[in-house]
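Asker: Please find one structure pasted underneath; my questions will follow.
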Amino acid sequence: MQTAEQLQTKLNETGSNVVVVGRMGQDLSKYGLRYTHFGIMFRPESGGRWRVAHLLNDCGTDRSDLWYEGLGNFFLDDMYRFDAVLLIPPPAVVDRLLPKLQAGRPLRALHTPRYNMVAYPFSTRYENSNTWVLETLAAASTTETRISSREQAQMWLKLNGYQPSEMNIGPMTRLGGRMFKANVAFDDHPNELRYNDRIQTVSVDSVIHFFDERNEGWKIIELPGPQARRF
Numbered sequence: 042m043q044t045a046e047q048l049q050t051k052l053n054e055t056g057s058n059v060v061v062v063g064r065m066g067q068d069l070s071k072y073g074l075r076y077t078h079f080g081i082m083f084r085p086e087s088g089g090r091w092r093v094a095h096l097l098n099d100c101g102t103d104r105s106d107l108w109y110e111g112l113g114n115f116f117l118d119d120m121y122r123f124d125a126v127l128l129i130p131p132p133a134v135v136d137r138l139l140p141k142l143q144a145g146r147p148l149r150a151l152h153t154p155r156y157n158m159v160a161y162p163f164s165t166r167y168e169n170s171n172t173w174v175l176e177t178l179a180a181a182s183t184t185e186t187r188i189s190s191r192e193q194a195q196m197w198l199k200l201n202g203y204q205p206s207e208m209n210i211g212p213m214t215r216l217g218g219r220m221f222k223a224n225v226a227f228d229d230h231p232n233e234l235r236y237n238d239r240i241q242t243v244s245v246d247s248v249i250h251f252f253d254e255r256n257e258g259w260k261i262i263e264l265p266g267p268q269a270r271r272f
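So in the numbering used here, spot 15 of the sequence shown is number 56, and the numbers just go up one at a time.
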């Protein structure tokens, strides 16, 4: 709970009513990645209690759903570390995103229940938590194009130069993941990438890099977690 309280204090200090927050659920340093899971934190315009909207996998199955939870639940999973990263949208994006977060139903237009931990970013066959956040932010980032489907969100991301993270995953690892884990699949990845051990997916790191490079006023804050006491 100390981490949730620390996060709430920092969220209040941002002055924004929508903040995207990443956590460290596991160690992905061998792939050059730091954070593993994104959620969108929000509160009413008048202030009040923060909540998080995020996509969660149903206990290792190939299914997912969108959940609304309190801040404390965001860190209840078995965390690798309790560090967090905050991605603060510019005011115009907040104004477009907050009503959708409060209504709930509009967010489901960009949700695919078939879950894949390593979903390919430019396919709609599967989805993971970070893909949903990326496409939701994309839909709120433009007024020139109305984005109401995953196909439209992915087209906008391609046109605007989004680059996914790439992991080197060999055939034996892929085979083991596909055979023994229902929430891991590789059949949505292009053959020319998959058979060269190049697995591309949406990561917290790649989302932060994409919006930071757009120079639209997105802000990034890293929040170290509580340090373990030695005695």
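Even glycine gets a Cβ: it sits at the ideal position worked out from N, Cα and C.
Bear in mind the structure is a predicted one, so any value in this text is a computation, not a measurement.
If you draw a straight line from the C-alpha of S57 to the C-alpha of D253, how long is it?
Answerer: Those two C-alpha atoms are separated by around 17 Å.
Asker: Helix, strand or coil: how does DSSP classify K141 here?
Answerer: In this structure, K141 counts as helix in the three-state DSSP scheme.
Asker: Starting from R122, follow its DSSP beta bridges and name the residues at the other end.
Answerer: M65.
Asker: Please say whether W108 and L97 have beta carbons closer to each other than 7 Å?
Answerer: Yes, the Cβ-Cβ distance between L97 and W108 is below 7 Å.
Asker: Let's test the definition: count the other Cβ atoms within 10 Å of the Cβ of E176 and tell me whether it reaches 16, buried, or not, exposed.
Answerer: E176 comes out buried.
Asker: How should N169 be labelled, buried or exposed, when 16 other C-beta atoms within 10 angstroms of its C-beta is the threshold for buried?
Answerer: N169 should be labelled buried.
Asker: Would you mind reading off the limits of the beta strand (DSSP E) that contains W91?
Answerer: Careful: W91 lies outside any beta strand (DSSP E) and carries neither H nor E.
Asker: Please report the distance separating the alpha-carbon of E110 from that of L200.
Answerer: One C-alpha to the other measures close to 33 Å.
Asker: Just the C-alpha distance for W197 and N114, rounded to the nearest angstrom, thanks.
Answerer: Distance between the alpha carbons of W197 and N114: 32 Å.
Asker: Is D228 helix, strand or coil by DSSP?
Answerer: Of the three classes helix, strand and coil, the one that applies to D228 here is coil, per DSSP.
Asker: Specify, as a first and last residue, the run of the alpha helix (DSSP H) that T242 falls within.
Answerer: First-last for T242: 239-242, but that is the beta strand (DSSP E), not the alpha helix (DSSP H).
Asker: In whole angstroms, give me the CA-to-CA distance for R64 and T186.
Answerer: Roughly 31 Å separates the two Cα atoms.
Asker: Got a sec? Which residues, its chain only, sit under 6 Å from I129 by beta carbon, not counting five neighbours each side?
Answerer: T55, S57, V60, K260.
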